[in-house]
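> Keeping their order, the protein sequence lines are chains A and B. Position in the first sequence (first residue = 1) + 53 = the working numbering. Position in the second sequence (first residue = 1) + 1454 = the working numbering. Here a beta-carbon is modelled for each residue, glycine too, at the ideal position from N, C-alpha and C.
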Amino acid sequence: MLTYQFDWSVVTSGKYFEWLVSGCKVTLQISVVGIVLAFIVGLLIAVMRMSNFRPARWFALAYLEFFRNTPLLVQIFFWYFGSYKILPTAVNDWLNSTNFEFAAAVIALTIYTSAFIAEDIRSGVLSIPKEQMEAARSAGFSFLRSMQYIILPQAVRITVPPLVNQFLNLAKNSSLAMTIGVMELTYQARQVESYTFKGFEAFTAATVVYLVLSSSITALVHLYDKRVLNPNRAV
Amino acid sequence: MRKLITVALALVLVGVLGTAALAAPPADTLAEVKKKGVLVAGVKDSLPPFGYIDEKTRSIVGYDIDFINAIAKKLGVKVELKPVTSASRMPQLQEGNIDIIAATMTKNPERAKQVDFSHTYFFTGQKFITKKGTVRTLKDLAGKKIGTAKGSTSEQNVKKSIPTATVLSFDDYPQAFLALQQGKVAAVTTDEAILAGILAKAPNKAQFEIPNLQISDEPYGLGMRKGDKNFVDFVNKTILQMEKSGEAKKIFEKWFGPNTQFHLKRNFKITADK
């Protein structure tokens, strides 16, 4: 056995407990804002990807390929450090005076995850018989309205399980935000470790929080699925 | 019940960490090192001049490494250097992957509960690196963002001396310095010797300076496993002898003296801690 003395009081009370709690809050904020935005952006990109308007389709294709095929960490650095080279000085000054670290992390996570969500939704749409779209169009609905009223409501219902996957990925990927100084849960756990060397305790606490957060997301979506979206679905 | 949970969690963690964690570290490192004929040291490999990879020889050199070499020579064993980070050095020592930490580790009471420190072998203080002319007193940093690297004690000291400042910890110092160049932080803070190393490497060093604002004392110690008394005594004896013979001073001059880019004055001597 290790010659390691466990001391759980480090993470259950006092200063270090407060650090972990503040880390939880930030992780929760990133996750909630990120999930909502990623879902909306993912829907838009999915619709663009399937539209008959070529520039929109091409844009969506480029978006999907670019953001699905590059590492998230690189994207976070791109939005945080890389944006400096592109933006005018006045904008940079303003951004630097705000909590740009948080914003850059949310932007990166949203865009990265939305690319995966868009593809999941597209696969849901493809599973709807194409006669429905044809029927909607011949009944006088425009492409967007057919999507809005007929196709997407059904597609999203089918897509719920893979969407939960993407939401969970986003919540856990939020730990990468610590690389640009966002004080989220993993960052705080590491801070506690470097101050106290109680790494086992700090990361066990963080692991428990991630488990609770992930299970809550899964439970909430399944509850919504069961009560509202698919009351008749078996399991 | 609490004990049971602790044991259960410990077992889970050990299982996750795999067999490496199961190999218990030796109780008497001094005897063990002599037996296997090699001293395994955890050192920094990207932090000139404490520990970094020499471009010509491709091996790790620096102030910390010279101390390890001297200790190994005294022991009559070979040296094996293992790169560690500020966050990984402690677990590596406790799991027995390394015998000693020589990685710019500041001695503080909380750490001393987990490791035994040698006498102070390097002494520095925490300062700031800023854009030239922007910071004269600590008040100039009030309410600003200040960058540093993860796993260090720099953050705590800033919060004490400038409570209104926000500290951003980046993965490593190059990123913190990039954030300073882009104006994302008003200053980068850590030990002066490390700042001097960053400034010496910076491409546009004329735009930056290290104002004379010291917010803490940073005594560095070599870290060894808790209760490893024979080894700690041996290391302490060795570095005190190095001070006496002038070897310790020579090592300082070699890495920080007037012939280097750092121009630091040696404002300390290796003495026995109380």
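Is the distance from the Cβ of SER104/A to the Cβ of PHE169/A below 8 Å?
no
> Between HIS275/A, SER268/A, THR271/A, ILE233/A, which lies nearest to ALA156/A when the distance is taken from Cα to Cα?
ILE233/A
> What residues are listed by DSSP as bridge partners for LYS1532/B?
VAL1492/B
> Please confirm if GLN1636/B has its CB atom under 8 Å from at least one CB of chain A.
yes
> DSSP on GLN1610/B, reduced to helix/strand/coil?
In the structure shown, GLN1610/B sits in a helix (DSSP, three-state: H, G or I).
> For the putative contact between LYS1527/B and VAL1494/B, defined by C-beta atoms under 8 Å, what is the C-beta separation to the nearest angstrom?
With a Cβ gap of about 15 Å, LYS1527/B and VAL1494/B do not count as contacting.
> Once DSSP output is grouped into helix, strand and coil, what is the label at GLY177/A?
helix
> Assign MET236/A to one of three DSSP states: helix, strand, or coil.
coil
> Below 6 Å CB to CB, which residues in the same chain sit around ILE164/A once its five sequence neighbours on both sides are set aside?
PHE120
> By the three-class DSSP mapping on this structure, what secondary structure does LYS183/A have?
helix
> With DSSP run on the structure shown, which of helix, strand or coil describes GLU1549/B?
coil
> Apart from the five residues on each side of it in sequence, which residues of its chain come closer than 8 Å, Cβ to Cβ, to ALA1619/B?
LEU1595, ALA1596, GLY1597, LYS1598, LYS1599, ILE1600, VAL1612, LYS1613
> Using DSSP's beta-bridge definition, name the partner residues of ASP1520/B.
In the DSSP output, where bridge partners are listed per residue, ASP1520/B has none listed.
> Here's a check: name, in chain order, each residue in its chain whose Cβ is nearer than 7 Å to the Cβ of ASN1713/B, leaving out the five neighbours to either side.
Excluding positions up to five away in sequence, the list is empty.
> Using C-beta distances below 6 Å, list every residue in its chain close to ALA99/A, excluding the 5 sequence neighbours before and after it, in chain order.
ALA171, ILE174, ARG175
> Please list the terminal residues of the continuous alpha helix (DSSP H) segment that includes THR1725/B.
No alpha helix (DSSP H) contains THR1725/B, which DSSP labels as neither H nor E.
> Go through its chain and collect everything with a Cβ distance to PHE1688/B's Cβ below 6 Å, but skip five positions before and after it.
LEU1484
> From the DSSP output, read off the bridge partner residues of THR1643/B.
Answer is PHE1582/B.
> Spell out whether any CB of chain A is found under 8 Å from the CB atom of ALA1656/B.
no
> Hey, could you find the ends of the beta strand (DSSP E) VAL1621/B is sitting in?
1620 to 1624
> Leaving aside the five residues before and after VAL1515/B along the sequence, list all residues of the same chain whose C-beta is less than 6 Å from its C-beta, in chain order.
ASP1508
> ILE204/A and SER180/A - do their beta-carbons sit closer together than 8 Å?
At a Cβ-Cβ threshold of 8 Å, SER180/A and ILE204/A do not count as neighbours.
> Could you list the residues in the stretch 142 to 172 of chain A with a C-beta less than 8 Å from some C-beta on chain B, going in chain order?
ASN145, ASP146, ASN149, PHE153, GLU154
> Quick one: give me the first and last residue of the beta strand (DSSP E) that ALA1603/B is part of.
1599 to 1603
> Is the beta carbon of ASP1570/B less than 8 Å from the beta carbon of ASP1682/B?
yes
> Rounded to whole angstroms, what's the CA-CA distance from VAL274/A to LEU266/A? Just pull it up for me.
12 Å
> Between MET1678/B and chain A, is any beta-carbon pair separated by less than 8 Å?
no
> DSSP three-state label for ARG198/A, please.
helix
> In three-state terms, what does DSSP make of ALA1556/B?
strand
> Since GLU237/A and THR80/A are thought to touch, with beta carbons under 8 Å apart, how far apart are those beta carbons, to the nearest angstrom?
4 Å
> Run down chain B in chain order and give the residues with a C-beta less than 9 Å from the C-beta of PHE134/A.
GLN1629, LEU1632, ALA1633, GLN1636, LYS1638
> Secondary structure at TYR1743/B, three-state DSSP: helix, strand or coil?
There is simply no residue 1743/B to check, as chain B begins at 1455 and stops at 1728 in what is shown.
> Alpha carbons only, please: which of GLN1636/B, PHE1716/B, ILE1616/B is nearest the one belonging to ALA1654/B?
PHE1716/B
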